[in-house]
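Colleague: So the sequence lines, in the order shown, correspond to chains A and B. Counting with the numbering used here, you get residues 1 to 235 for the letters of the first sequence. Counting with the numbering used here, you get residues 1001 to 1196 for the letters of the second sequence. All C-beta atoms in this analysis are idealised placements derived from N, C-alpha and C, irrespective of residue type, glycine included.
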Amino acid sequence: MNLRDNLPLREKLAAEYVLGTLKGGARRRFEGWMHNDAALRRTTSEWQQRLAPLAEFSAAQKPRAQVWRGIERRLNLTPPARFWQFWRNESLLFWRALGLASTAIAALLIVVLAGRTLEAPTINYVATLTDEKSQGAMLLTADSAHHELDARLLAGVAVADDKTLQLWAVPAKGAPRSLGIVADNHSAKLTLPAYAIGGDVALIAVTLEPKGGSRDPNGAPSGPIVYKGNWVKLM
Amino acid sequence: MLSDVNPLDPQQLRLWLQGAARRDALAFRLLYDATSSKLFGFALRILHKRELAEEVLQESFVAVWNNAGSYQSHLASPMTWMTTIVRNKAFDLLRRSNEATEIDGEQFDSEVLDALHDPQATPIEALEMSADAKALAWCMSTLEGAHRQAVGLAFFHDLSHSEVAQQLAIPIGTVKSWIRRSLERLKTCLAKRERA
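Okay, structure coming up:
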């Protein structure tokens, strides 16, 4: 049988191969033909693309948490080291874990601050943002009564001249909201909007953006997160 | 708004799948979060037993991680690729275990069809389907009920022509021609919707 020139037969067999009704010897023969026939492989994947969405007709059902734990165990997955470009996820597990780590560091810094630079008692929020190695990189102090936000890089942190650091409040749901840029890559005095310290803020993040800040048309971050942390409210 | 993005948005899934190929465990986790419920629903549909469906889901995601590098985005959308893995794993398990499953000869996917016929009652959006699945659902709804059922029996239960014939108590020749015609009509219908 000359399959190569029989277009309707090629279509029929590919469709039934994908549907599953092509069985036994016929199925194995078809697989043999596919092996040597790129066009037939393409026809078959087109049918896969047409029929596979049938799988989505079933209502979604949540598997138990142990399924993921089993996957993690079997694949020996280590905690993720990369975390940028995941603005769109609603899963805050990861962000929250980060928040905890930096809270501890921030608490330490408050003591230092209180002894040295805390001139006005109006500063009521502090955050220490850390890099991917959990090293402190930027200190934020905020005065919610006067809507002031002060950001400064810690000693030893360098930023390339053609880049700009941009601050974001990342809410539990929805897109990050910009808090402004650190124009001189050293320190910045910014206005503190209410959304920066709102109850739904899951994380404060700093991204590395092109000079002048993100040019994303939707006002979203375009670069990787380099520092992140959480507010600690002072008494 | 970013938060309104369909969780099964192929672009997003593709990014996570590419992340998984680079051994990015977080991307893989996000892929799991976005797709596991849908894929589990599918596995349950085939296997009917939660423990079996969970075993298949776990094996499937292990395979997704191990084979993410060979995923070819020009050949299949991420959901197509992953549902194919789940389907193969589910049928493998059935063959291995000699487990007898229930075969639902019920009206094929009444929920989806209801949503198509009366979007007021059940918005099709509520079923969380990708755009591909919505298009296919629409085209399936144009088939005759019994033909649709024959296609569904073959797809979800790995039945041969003669087994479908047995289930529906009709001659095998009829099943063959129903399925052949249904597949042709689906192809034409989907192509039309793509051009539209």
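Would you check if there are 3 or more beta carbon pairs closer than 8 Å linking the stretch 1127–1144 of chain B to the stretch 46–62 of chain A?
Modeller: The answer is yes - the stretch 46–62 of chain A touches the stretch 1127–1144 of chain B, with three or more Cβ pairs under 8 Å.
Colleague: Tell me methionine 138 of chain A's beta-bridge partners as DSSP assigns them.
Modeller: Residue mapping note: residue 138 of chain A aligns to position 138 of the first sequence, counting from 1. A/Leu129, A/Leu153.
Colleague: Show which residues of chain B have a CB atom less than 9 Å away from the CB atom of isoleucine 225 of chain A.
Modeller: Numbered from its first residue, the first sequence carries residue 225 of chain A at position 225. Per Cβ cutoff of 9 Å: no residues; isoleucine 225 of chain A is ~12 Å from chain B at best.
Colleague: Mapping DSSP to helix, strand and coil, what is proline 53 of chain A?
Modeller: To locate residue 53 of chain A, count along the first sequence from 1; it is residue 53. Proline 53 of chain A: helix per DSSP, three-state reduction.
Colleague: Taking beta-carbon pairs under 9 Å, can you tell me which members of the stretch 1165–1189 of chain B lie near chain A?
Modeller: From the stretch 1165–1189 of chain B, only Val1175, Lys1176, Ile1179, Arg1180, Leu1183, Glu1184, Leu1186, Lys1187 have a Cβ closer than 9 Å to chain A.
Colleague: Using 10 angstroms around the beta-carbon of proline 8 of chain A, count the other beta-carbons present and answer buried if the total reaches 16, otherwise exposed.
Modeller: Taking the first residue of the first sequence as position 1, residue 8 of chain A is located at position 8. By the 10 Å Cβ count, proline 8 of chain A comes out exposed.
Colleague: For threonine 141 of chain A, which residues from the same chain have a beta carbon less than 6 Å from its beta carbon, with the 5 sequence-adjacent residues on both sides left out?
Modeller: Taking the first sequence and counting its residues from 1, one reaches residue 141 of chain A at position 141. The answer, listed in chain order, is Ile123, Val126, Asp150.
Colleague: Measuring straight from C-alpha to C-alpha, what distance separates isoleucine 181 of chain A and aspartate 1024 of chain B?
Modeller: Position 181 of the first sequence, counting from 1, holds the residue named residue 181 of chain A. Position 24 of the second sequence, counting from 1, holds the residue named residue 1024 of chain B. If I take the Cα positions, the gap works out to 29 Å.
Colleague: Checking contacts by CB at 9 Å: is serine 222 of chain A closer than that to chain B?
Modeller: Against the first sequence, residue 222 of chain A aligns to sequence position 222. Chain B, which has no Cβ nearer than 9 Å to the Cβ of serine 222 of chain A, makes this no.
Colleague: In chain order, what residues of the same chain lie with their CB nearer than 6 Å to the CB of alanine 1043 of chain B, ignoring the 5 residues before and after it?
Modeller: For this step, residue 1043 of chain B is matched to residue 43 along the second sequence. Excluding residues within five positions, the ones whose Cβ falls inside 6 Å are Ala1053, Val1056, Leu1057, Val1086, Ala1090.
Colleague: Nearest chain A C-beta to glycine 1145 of chain B closer than 9 Å, yes or no?
Modeller: Sequence index remark: in the second sequence, residue 1145 of chain B carries index 145 (1-based). For glycine 1145 of chain B, the answer is no, since every Cβ of chain A falls outside 9 Å of its Cβ.
Colleague: List the residues of chain B that tryptophan 33 of chain A touches, going by C-beta distances under 9 Å, in chain order.
Modeller: Here residue 33 of chain A refers to the residue found at position 33 when the first sequence is read from its first residue. Neighbours of tryptophan 33 of chain A on chain B: none; closest Cβ ~18 Å, over 9 Å.
Colleague: With a Cβ-Cβ cutoff of 9 Å, do alanine 1034 of chain B and leucine 1075 of chain B count as a contact?
Modeller: The residue you call residue 1034 of chain B lines up with position 34 of the second sequence. The residue you call residue 1075 of chain B lines up with position 75 of the second sequence. For alanine 1034 of chain B and leucine 1075 of chain B, no; Cβs fall outside 9 Å.
Colleague: For the stretch 51–68 of chain A, which residues have a CB atom closer than 7 Å to at least one CB atom of chain B, in sequence order?
Modeller: For the stretch 51–68 of chain A, which is checked against every Cβ of chain B, the residues closer than 7 Å are Leu51, Ala52, Pro53, Leu54, Ala55, Glu56, Phe57, Ser58, Ala59, Ala60, Gln61, Lys62, Pro63, Arg64, Val67, Trp68.
Colleague: Just to confirm, is the Cβ distance from alanine 137 of chain A to valine 201 of chain A under 9 Å?
Modeller: Here residue 137 of chain A is taken as the residue at index 137 of the first sequence, counted from 1. Here residue 201 of chain A is taken as the residue at index 201 of the first sequence, counted from 1. No, the pair does not count as a contact, with Cβ atoms beyond the cut-off.
Colleague: Leucine 1143 of chain B to alanine 38 of chain A, Cα distance in whole Å?
Modeller: Stepping through the second sequence from its first residue, residue 1143 of chain B is reached at position 143. Stepping through the first sequence from its first residue, residue 38 of chain A is reached at position 38. Computed Cα separation, rounded: 31 Å.
Colleague: Which whole-angstrom value describes the C-beta separation of glycine 20 of chain A and phenylalanine 1155 of chain B, a residue pair presumed to lie in contact below a C-beta threshold of 8 Å?
Modeller: The residue given as residue 20 of chain A occupies position 20 in the first sequence. The residue given as residue 1155 of chain B occupies position 155 in the second sequence. With 8 Å as the limit, glycine 20 of chain A and phenylalanine 1155 of chain B qualify as a contact, their Cβ atoms being about 6 Å apart.
Colleague: Helix or strand or just coil, what does DSSP make of lysine 228 of chain A?
Modeller: Numbered from its first residue, the first sequence carries residue 228 of chain A at position 228. Lysine 228 of chain A falls in the strand class under three-state DSSP.
Colleague: Which chain A residues are close to aspartate 970 of chain B, counting only those with a beta carbon under 8 Å from its beta carbon?
Modeller: With chain B represented from 1001 up to 1196, any question about residue 970 of chain B goes unanswered, as that position is not in the structure.
Colleague: Taking DSSP as the reference, what is the three-state secondary structure of alanine 122 of chain A?
Modeller: Along the first sequence, one-based indexing puts residue 122 of chain A at 122. Reading off the sequence shown, one finds threonine at residue 122 of chain A, where the question assumed alanine. Threonine 122 of chain A: coil per DSSP, three-state reduction.
Colleague: Quick one: grab the DSSP three-state call for isoleucine 237 of chain A.
Modeller: An answer regarding residue 237 of chain A cannot be provided, because it is not within the stretch 1 to 235 covered by chain A.
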